[in-house]
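Here's the structure we're looking at; comments come further down.
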Amino acid sequence: MTDIQQYLEKLRAGDKLALSRVLTHVENNTPEGIFALETLFPQTGRAHMIGITGSPGTGKSTLVNSLAMHLRKKPESPRIAIIAVDPSSPYSGGALLGDRVRMRDLHGDRGIFIRSMASRGALGGLSHRTAALAQVLDAAGFEIILIETVGAGQSEVEIASLAHTVIVVEAPGMGDEIQAIKAGILEIANILVVNKADRPGVENSTRALRAMLQMAHPGDYMPMARKHLFNALESPTTAPEQSQETEIWMPPVVQTIATEGNGLDELMQAIEDHLAYLKRGQGWAMRDKENLALEMEGLIREHLTQRWLAQMPEARLEEVMLALQQRKISPHQALEKLLTYN
Amino acid sequence: MPDKKIRVLIAKPGLDGHDRGAKVIARVLRDAGMEVIYTGLRQTPEMIAEAALQEDVDVVGLSILSGAHNALIPQIIEKLRQNGQDDVMVFAGGIIPKTDIPALLSAGVKAVYGPGTSTQKVCEDIQAAFAS
């Protein structure tokens, strides 16, 4: 534990190696990592977390590269951390993390820190430890944290419970309007980007997305309506209401050519507008509350399962599993047998 | 529950554009259960050391076919040390004449894998180094 205390002191002084080592401990969920999170938690909650998600090959990494360069040129030149998640192999558990290939322009800028991360079996587009890594980077003083998800299909929406602002990246040829009104990833967008805007079909894609938004604007109530264990605690007055005083965020559709930096000024403006919108109303605080509730839910599930498994004799588990496979009992009856065991 | 993976940076220093070998090694290490960060072509020693630092890797694999290994590899090792990453295992591959290997080894390279090396051997050497 003495090592980790030294790392934490150096991390506060801006030491990159210390930060990197702490991130590894947190990602690997070691006792030192848990100690680091406990120590750093009071300093979290300040960074603007921006999620970038979308299908594979739409240009997320290139957009992150371009966006980070533009953000650094702002007068206050915010320090930027990037977490880039790529999938782990379901067979070997290994991963090929290739997002840095598209981020080479960011090299040499001491105000930028890039960390690649494997999803390690998680299915929501992030790793189970992404939120924890973001907390460390937040406490280390990065004002903006860009989180790039794995190439997401339709239902990888975990980023909505981590980021304050979610950017969904599409490319021309994404499909028709029916694709655009399906539930899932488009619902979580606070900003929609049609990247590769020099390709044919860009107007069709933009029109389909705008049409989708005109039918109904998912805006900001979706993440608040997410179901979690703590919904029961909500007092009725804090439930999101579409009252007349509630300002509704209409997600803008921005066209970009990330490789050339086209449209990046508009995208930065949209991000600033969304941040201002969150801070004007209850958005920032409510998202923070929701995100912490979801994180707690994950922790509770993980630990209750582990604790329960630890006190369950293997022989008993095997016996019940065998009866299940032989169709002597149903899964619900098996559950009953296991839960009533003591 | 702690969950540790071996993290490897595969990098191409110098100006040659031949990355087939680097990609093969990256893929093989991935299939051996490691997390492999690939950074692309034409990396300077500074870029490689910066990526190794931010990613907190255990291993750096350098693939070089341009003939500049005697100049570039010691620079990279020096920069890793300056950053406090003394414990990182460095290996090299590509077109490296046998007569150059002793100097690279004494500069801190753990192994040089030339053409014809079995990919299995590369995996085993890395796994053996982190067996504890």
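Residue numbers (the numbering used here), protein chains in the order written: chain V, 309 to 650; chain F, 17 to 148. By construction, the Cβ of each residue, glycine as well, lies at the ideal position given by its N, Cα and C atoms. Source: prediction; values computed, not measured.
Residue i and residue j look like a contact to me (Cβ under 8 angstroms); what is the Cβ gap, rounded to whole Å?
i: residue 422 (chain V); j: residue 434 (chain V); result: Not quite, the Cβ-Cβ distance comes to about 16 angstroms (not below 8 angstroms), so this is no contact.
i: residue 449 (chain V); j: residue 387 (chain V); result: 6 angstroms
i: residue 505 (chain V); j: residue 590 (chain V); result: Their Cβ separation, rounded to whole angstroms, is 34 angstroms, which puts residue 505 (chain V) and residue 590 (chain V) out of contact at 8 angstroms.
i: residue 397 (chain V); j: residue 46 (chain F); result: 6 angstroms
i: residue 372 (chain V); j: residue 411 (chain V); result: 7 angstroms
i: residue 572 (chain V); j: residue 378 (chain V); result: 5 angstroms
i: residue 365 (chain V); j: residue 459 (chain V); result: 7 angstroms
i: residue 61 (chain F); j: residue 95 (chain F); result: 6 angstroms
How about residue i and residue j: are their beta carbons less than 8 angstroms apart?
i: residue 400 (chain V); j: residue 48 (chain F); result: yes
i: residue 599 (chain V); j: residue 469 (chain V); result: yes
i: residue 27 (chain F); j: residue 78 (chain F); result: yes
i: residue 74 (chain F); j: residue 24 (chain F); result: yes
i: residue 395 (chain V); j: residue 427 (chain V); result: yes
i: residue 69 (chain F); j: residue 324 (chain V); result: yes
i: residue 362 (chain V); j: residue 476 (chain V); result: yes
i: residue 93 (chain F); j: residue 64 (chain F); result: no
i: residue 375 (chain V); j: residue 575 (chain V); result: yes
i: residue 109 (chain F); j: residue 22 (chain F); result: no
i: residue 123 (chain F); j: residue 89 (chain F); result: yes
i: residue 67 (chain F); j: residue 320 (chain V); result: no
i: residue 625 (chain V); j: residue 72 (chain F); result: no
i: residue 463 (chain V); j: residue 429 (chain V); result: no
i: residue 130 (chain F); j: residue 142 (chain F); result: no
i: residue 51 (chain F); j: residue 322 (chain V); result: no
i: residue 583 (chain V); j: residue 356 (chain V); result: yes
i: residue 472 (chain V); j: residue 616 (chain V); result: no
Could you check where the alpha helix (DSSP H) with residue i kicks off and where it finishes?
i: residue 513 (chain V); result: 510 to 523
i: residue 361 (chain V); result: From DSSP, residue 361 (chain V) is part of no alpha helix (DSSP H) but of the beta strand (DSSP E) over 356 to 362.
i: residue 57 (chain F); result: Note, residue 57 (chain F): premise wrong, no alpha helix (DSSP H); not H, not E.
i: residue 388 (chain V); result: Not the alpha helix (DSSP H): residue 388 (chain V) falls in the beta strand (DSSP E), residues 388 to 394.
i: residue 117 (chain F); result: 117 to 122
i: residue 588 (chain V); result: 572 to 588
Tell me which residues share the same chain as residue i and place their Cβ nearer than 6 angstroms to its Cβ, disregarding the 5 neighbours each side in the sequence.
i: residue 466 (chain V); result: 432, 433 and 434
i: residue 547 (chain V); result: Bear in mind that the predicted position of residue 547 (chain V) carries a pLDDT of just 46, short of 50, making it unreliable; the figure below should be weighed with that in mind. Taken in chain order, the list of residues that qualify is empty.
i: residue 318 (chain V); result: 326
i: residue 105 (chain F); result: 75, 126 and 145
i: residue 80 (chain F); result: 29, 30 and 110
i: residue 9 (chain F); result: In the structure as shown, chain F begins at 17 and stops at 148. Residue 9 (chain F) is therefore absent and cannot be evaluated.
i: residue 518 (chain V); result: 561
i: residue 645 (chain V); result: 628
i: residue 631 (chain V); result: 637
i: residue 340 (chain V); result: 312 and 333
i: residue 107 (chain F); result: 77, 126 and 127
Starting from residue i and walking both ways along the beta strand (DSSP E), at which residues does that stretch end?
i: residue 107 (chain F); result: 105 to 110
i: residue 454 (chain V); result: 452 to 456
i: residue 343 (chain V); result: Run containing residue 343 (chain V): none in the beta strand (DSSP E); it sits in the alpha helix (DSSP H), 339 to 348.
i: residue 51 (chain F); result: 51 to 54
i: residue 77 (chain F); result: 75 to 80
i: residue 476 (chain V); result: 473 to 478
i: residue 315 (chain V); result: Here residue 315 (chain V) belongs to no beta strand (DSSP E); instead the alpha helix (DSSP H) covers 310 to 320.
i: residue 496 (chain V); result: That residue, residue 496 (chain V), is in no beta strand (DSSP E); it is neither H nor E in DSSP.
Can you find the residues in the same chain that come closer than 8 angstroms, C-beta to C-beta, to residue i, ignoring five residues on each side of it along the sequence?
i: residue 513 (chain V); result: 478, 479, 480, 481, 482 and 502
i: residue 405 (chain V); result: 392, 394, 424, 425 and 426
i: residue 555 (chain V); result: 585, 588 and 589
i: residue 420 (chain V); result: 376, 380, 387, 388, 389, 390 and 414
Go through its chain and collect everything with a Cβ distance to residue i's Cβ below 7 angstroms, but skip five positions before and after it.
i: residue 33 (chain F); result: 57
i: residue 551 (chain V); result: In this predicted model, residue 551 (chain V) has a pLDDT of only 44, less than 50, meaning its place in the structure is not dependable; the value taken from the coordinates is given anyway. No residues qualify anywhere along the chain.
i: residue 367 (chain V); result: 477, 479, 503, 504 and 566
i: residue 509 (chain V); result: 480 and 481
i: residue 140 (chain F); result: none
i: residue 544 (chain V); result: Low confidence applies to residue 544 (chain V): its pLDDT is 44, below 50, so where it sits in the model is not reliable enough to give any reading.
i: residue 315 (chain V); result: 326, 329 and 330
i: residue 346 (chain V); result: none
i: residue 99 (chain F); result: 65 and 69
Quick check: is any heavy atom of the ligand GDP less than 7 angstroms from the C-beta of residue i?
i: residue 42 (chain F); result: Among the components modelled here there is no ligand, and therefore nothing to report on the ligand GDP.
Taking 8 angstroms as the CB-CB limit, is residue i close to chain A?
i: residue 94 (chain F); result: Of the protein chains in this structure, namely V and F, none is chain A.
(request) Would you check if there are 3 or more beta carbon pairs closer than 8 angstroms linking the segment 445 to 464 of chain V to the segment 384 to 398 of chain V? (result) Yes, the segment 445 to 464 of chain V is in contact with the segment 384 to 398 of chain V.
(request) Decide yes or no for the touch test of the segment 495 to 513 of chain V against the segment 572 to 585 of chain V: beta carbon pairs closer than 8 angstroms, at least 3 of them. (result) Taking a cut-off of 8 angstroms on C-beta distances, the segment 495 to 513 of chain V touches the segment 572 to 585 of chain V, as three or more cross pairs fall below it.
(message) Tell me whether the segment 629 to 647 of chain V and the segment 50 to 60 of chain F touch, counting them as touching only if at least three CB pairs, one residue from each stretch, are closer than 8 angstroms.
(response) These segments do not touch.
(request) Check whether the segment 438 to 450 of chain V touches the segment 82 to 97 of chain F, taking contact to mean three or more Cβ pairs, one atom from each stretch, closer than 8 angstroms. (result) The count of Cβ pairs closer than 8 angstroms, one atom from the segment 438 to 450 of chain V and one from the segment 82 to 97 of chain F, stays below three, leaving the stretches out of contact.
(request) Taking 8 angstroms as the threshold, find out whether the segment 444 to 451 of chain V comes into contact with the segment 350 to 357 of chain V through three or more Cβ pairs. (result) A contact exists between the segment 444 to 451 of chain V and the segment 350 to 357 of chain V.
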